[in-house]
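Enquirer:
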Amino acid sequence: MSKKRIKSSNINWKLLVIISSAFLLMIMFLIPTILVIPFQGNETTANSVETAANPTAPAQTTTQTLESPFHVNVLRTESNEVEQVPLEDYVVHVVASEMPADFELEALKAQALAARTYIVRYLMQETIKELPGEADVTDTVQHQVFKNNEELRQIWGSDYHWKMDKITEAVVATQGEIITYNKEPITPAFFSTSNGYTENAENYWTNELPYLKTVESPWDEELSPKFRDQIILTASEVEQKLKVNLSNNVQDFQITRTASNRVKTATIADKTFTGREVREMLNLPSNDFTITRKDDHFVFTTKGYGHGVGMSQYGANGMALEGKNYQDIITYYYKGTTIETLEQAAPTLLVQSNS
25 MSKKRIKSSN
35 INWKLLVIIS
45 SAFLLMIMFL
55 IPTILVIPFQ
65 GNETTANSVE
75 TAANPTAPAQ
85 TTTQTLESPF
95 HVNVLRTESN
105 EVEQVPLEDY
115 VVHVVASEMP
125 ADFELEALKA
135 QALAARTYIV
145 RYLMQETIKE
155 LPGEADVTDT
165 VQHQVFKNNE
175 ELRQIWGSDY
185 HWKMDKITEA
195 VVATQGEIIT
205 YNKEPITPAF
215 FSTSNGYTEN
225 AENYWTNELP
235 YLKTVESPWD
245 EELSPKFRDQ
255 IILTASEVEQ
265 KLKVNLSNNV
275 QDFQITRTAS
285 NRVKTATIAD
295 KTFTGREVRE
305 MLNLPSNDFT
315 ITRKDDHFVF
325 TTKGYGHGVG
335 MSQYGANGMA
345 LEGKNYQDII
355 TYYYKGTTIE
365 TLEQAAPTLL
375 VQSNS
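Oh and the sequence shown: position 351 is 375 in my numbering, straight run, nothing missing.
#1: Of all the alpha helix (DSSP H) runs that stay within the bounds of the region 206-237, which reach a length of 4 or more residues?
#2: When the distance is taken between beta carbons, is serine 336 closer than 8 angstroms to serine 218?
#3: Cα-Cα, which of Asp276, Glu91, Ile210 and Thr238 is closest to phenylalanine 322?
#4: Under three-state DSSP, which class holds glutamate 404?
#5: Going by DSSP, what residue range makes up the beta strand (DSSP E) through aspartate 253?
#6: Between which two residues does the alpha helix (DSSP H) carrying glutamate 364 extend?
#7: Cα-Cα, which of Asn349, Pro371, Ala340 and Arg100 is closest to valine 239?
#8: Which residues in the same chain have their Cβ closer than 8 angstroms to the Cβ of alanine 370, if we skip the five residues on either side of it in sequence?
#9: Following the continuous beta strand (DSSP E) through lysine 5, name the residue where it begins and the one where it ends.
#10: Pull up the DSSP beta-bridge partners for histidine 117, would you.
#11: So, does the region 150-157 touch the region 168-184, judging by three or more C-beta pairs under 8 angstroms?
#12: Given a cut-off of 8 angstroms on the beta-carbon distance, is the pair valine 118 and glutamine 168 in contact?
#13: Skipping 5 residues on each side, what residues in its chain have a beta carbon closer than 7 angstroms to that of arginine 303?
#14: Could you work out which residue in Ala344, Glu122, Tyr146 and Leu233 is closest to aspartate 244 when comparing CA atoms only?
#15: Rank Ser260, Glu193, Ile256 and Leu374 by C-alpha distance to the C-alpha of asparagine 307 and give the top, closest one.
#16: Just how far apart, CA to CA, sit serine 284 and methionine 188?
#17: Proline 93 and leucine 111 - do their beta-carbons sit closer together than 8 angstroms?
#18: Distance check for leucine 137 and glutamate 367, CA to CA, integer angstroms please.
#19: For threonine 326, list the residues DSSP reports as bridge partners.
#20: By how many angstroms is the C-alpha of alanine 134 removed from the C-alpha of serine 121?
#21: Are glycine 360 and tyrosine 205 closer than 8 angstroms when you measure CB to CB?
#22: Please work out which residues of its chain come closer than 7 angstroms, Cβ to Cβ, to isoleucine 354, disregarding the five sequence neighbours upstream and downstream, and give them in chain order.
#23: Looking at the secondary structure, which residues open and close the alpha helix (DSSP H) in which asparagine 341 lies?
#24: Going by the DSSP bridge assignment, what does histidine 321 pair with across the sheet?
#25: For asparagine 173, which of helix, strand or coil comes out of DSSP?
#26: Please work out which residues of its chain come closer than 7 angstroms, Cβ to Cβ, to arginine 281, disregarding the five sequence neighbours upstream and downstream, and give them in chain order.
#27: Got a sec, what are the start and stop residues for the beta strand (DSSP E) histidine 167 sits in?
#28: Can you check which of these residues, Ile191, Glu130 and Gln108, is closest to glycine 157 by C-alpha distance?
#29: DSSP has isoleucine 97 in a bridge; who is on the other side?
#30: Give a yes or no on whether the C-beta atoms belonging to serine 260 and glycine 330 are separated by under 8 angstroms.
#31: With DSSP as the reference, please indicate the residues paired to phenylalanine 278 in a beta bridge.
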């Protein structure tokens, strides 16, 4: 009887050892798994942006928080409805609408400052805004081009996520910053492509602004597909659009130029226009143009794209490609300016928005 008990005890002991060993082995395998597998729930950060869908795009942050001190009321011109948009979200969508997302990050940051500065200055102005409802601005070039998420998805398709992520990163990095001159928000004019130089503000508009002065912009010719163009118009089209009577004499066209080589004045058939007027009336890409007559046609050869005042977008991208940061870009194109926070430069606007 005692031998059976001893044998039974040995079997139980061996079984206990086997079970214990198996349990220890299971723990050894499970612990690394527990440590490696992250939380896989649906938790997200407010205003998070999805990971880039384009595998060749630069790696971007996946959670980027935008903090807006006030809203911008945007009139959607197609629907005639007013869309209330937080400031920094408004800046994201303006940058997305105004500058190619594949530009360098520092160029996108510079564009974000220009967009934010424009709307802050506009809201600070004590002018009557003749827009329906409570609208502050439109979504067109009358103010700044603005497209919402749905519109950008339609334009970008499968590139939407990485493009929006990259632009949001640029806005987050600069949020709350604006461009000032003598402690006041500037008029942050910008355009697509220079002819090699930017233009003095007074040569295109009527007001002289000390920070909108001619600077060299050598990057545009190499980088921009819009640097050169040719527009061909018939003589009758020119006559109709400029409301002049042309002869067969080439001397009908007499041109003077600014220091940046853009057309200052053009005398056509004894009628004098500014370069801006000719550009807008004939729908030319730039007011740097030459005119050649071929039989009953006129060939307008242009350099640059846009009015030429302020920051060249392709120039900004060229500077970024050379390693310059957004502060370098801003202070180069906007002479004598400073980058300040909204608290420093627009405290009254913040008080009004919070009241």
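Note that beta-carbon positions come from the ideal geometry of N, C-alpha and C, so glycine has one too. The model shown is predicted, which means the values in this text are computed figures rather than measured ones.
Expert: Quick look at the numbers:
#1: 225-228
#2: Position 194 of the sequence shown holds residue 218. Position 312 of the sequence shown holds residue 336. It is a contact, given that the beta carbons lie within the stated cut-off.
#3: For this step, residue 322 is matched to residue 298 along the sequence shown. Per the Cα distances, Asp276.
#4: It is not possible to answer for residue 404, since the shown part of the chain is limited to 25 through 379.
#5: Your numbering for residue 253 matches position 229 in the sequence shown. Looking at the DSSP string, the run of the beta strand (DSSP E) that includes aspartate 253 is 252-258.
#6: Position 340 of the sequence shown, counting from 1, holds the residue named residue 364. From DSSP, glutamate 364 is part of no alpha helix (DSSP H) but of the beta strand (DSSP E) over 362-365.
#7: Within the sequence shown, residue 239 is the residue found at index 215, counting from 1. When each option's Cα is compared against that of valine 239, the closest is Ala340.
#8: Reading the sequence shown from its first residue, position 346 is the one you call residue 370. These residues qualify, in order along the chain: Val144, Met148, Ile202 and Pro209.
#9: Look at the range of the chain in this structure, 25 to 379, and you will see that residue 5 is not part of it.
#10: Numbered from its first residue, the sequence shown carries residue 117 at position 93. Looking at the DSSP assignment, histidine 117 forms no beta bridge with any residue, so it has no partner.
#11: no
#12: As a first step, residue 118 must be located in the sequence shown, where it is residue number 94. As a first step, residue 168 must be located in the sequence shown, where it is residue number 144. In this structure, glutamine 168 lies closer than 8 angstroms to valine 118 by Cβ.
#13: Counting from 1 along the sequence shown, the entry for residue 303 is found at position 279. Hits under 7 angstroms: Ser310 and Asn311.
#14: Residue numbering aside, residue 244 sits at position 220 when the sequence shown is read from its first letter. Aspartate 244 has its Cα closest to that of Ala344, out of Ala344, Glu122, Tyr146 and Leu233.
#15: Translated into the one-based positions of the sequence shown, residue 307 becomes position 283. Ranking Ser260, Glu193, Ile256 and Leu374 by Cα distance to asparagine 307 puts Ile256 first.
#16: Stepping through the sequence shown from its first residue, residue 284 is reached at position 260. Stepping through the sequence shown from its first residue, residue 188 is reached at position 164. C-alpha separation (whole angstroms): 36 angstroms.
#17: As a position in the sequence shown, residue 111 is number 87, starting the count at 1. As a position in the sequence shown, residue 93 is number 69, starting the count at 1. Contact: yes.
#18: Residue numbering aside, residue 367 sits at position 343 when the sequence shown is read from its first letter. Residue numbering aside, residue 137 sits at position 113 when the sequence shown is read from its first letter. Each residue's alpha carbon lies about 15 angstroms from the other.
#19: Taking the sequence shown and counting its residues from 1, one reaches residue 326 at position 302. Its beta-bridge partners are Asp253 and Phe313.
#20: Along the sequence shown, read from residue 1 onward, the residue named residue 121 stands at position 97. Along the sequence shown, read from residue 1 onward, the residue named residue 134 stands at position 110. Their backbone Cα atoms lie some 14 angstroms apart in a straight line.
#21: One-based indexing of the sequence shown puts residue 360 at position 336. One-based indexing of the sequence shown puts residue 205 at position 181. The answer is yes: Cβ separation under 8 angstroms.
#22: Translated into positions along the sequence shown, residue 354 becomes position 330. Excluding residues within five positions, the ones whose Cβ falls inside 7 angstroms are Ala134, Leu137, Ile203, Thr361 and Ile363.
#23: Your numbering for residue 341 matches position 317 in the sequence shown. Where asparagine 341 is concerned, the enclosing alpha helix (DSSP H) stretches over 337-345.
#24: As a first step, residue 321 is located in the sequence shown; it is residue number 297 there, counting from the start. Bridge partners of histidine 321: Thr258 and Lys318.
#25: As a position in the sequence shown, residue 173 is number 149, starting the count at 1. Helix.
#26: One-based indexing of the sequence shown puts residue 281 at position 257. Cβ neighbours of arginine 281 beyond the five flanking positions: Val287 and Lys288.
#27: Taking the first residue of the sequence shown as position 1, residue 167 is located at position 143. Run containing histidine 167: none; DSSP gives neither H nor E here.
#28: Taking the first residue of the sequence shown as position 1, residue 157 is located at position 133. Nearest option by C-alpha distance: Gln108.
#29: Position 73 of the sequence shown, counted from the start, is the residue given in the question as residue 97. The sequence shown places asparagine at residue 97, rather than the isoleucine named in the question. In DSSP, asparagine 97 forms a bridge with Gln108.
#30: Here residue 260 refers to the residue found at position 236 of the sequence shown. Here residue 330 refers to the residue found at position 306 of the sequence shown. Cβ atoms of serine 260 and glycine 330: not closer than 8 angstroms.
#31: Position 254 of the sequence shown, counted from the first residue, corresponds to residue 278. First, the residue type needs correcting, since residue 278 is glutamine and not phenylalanine in the sequence shown. Partner(s): Thr291.
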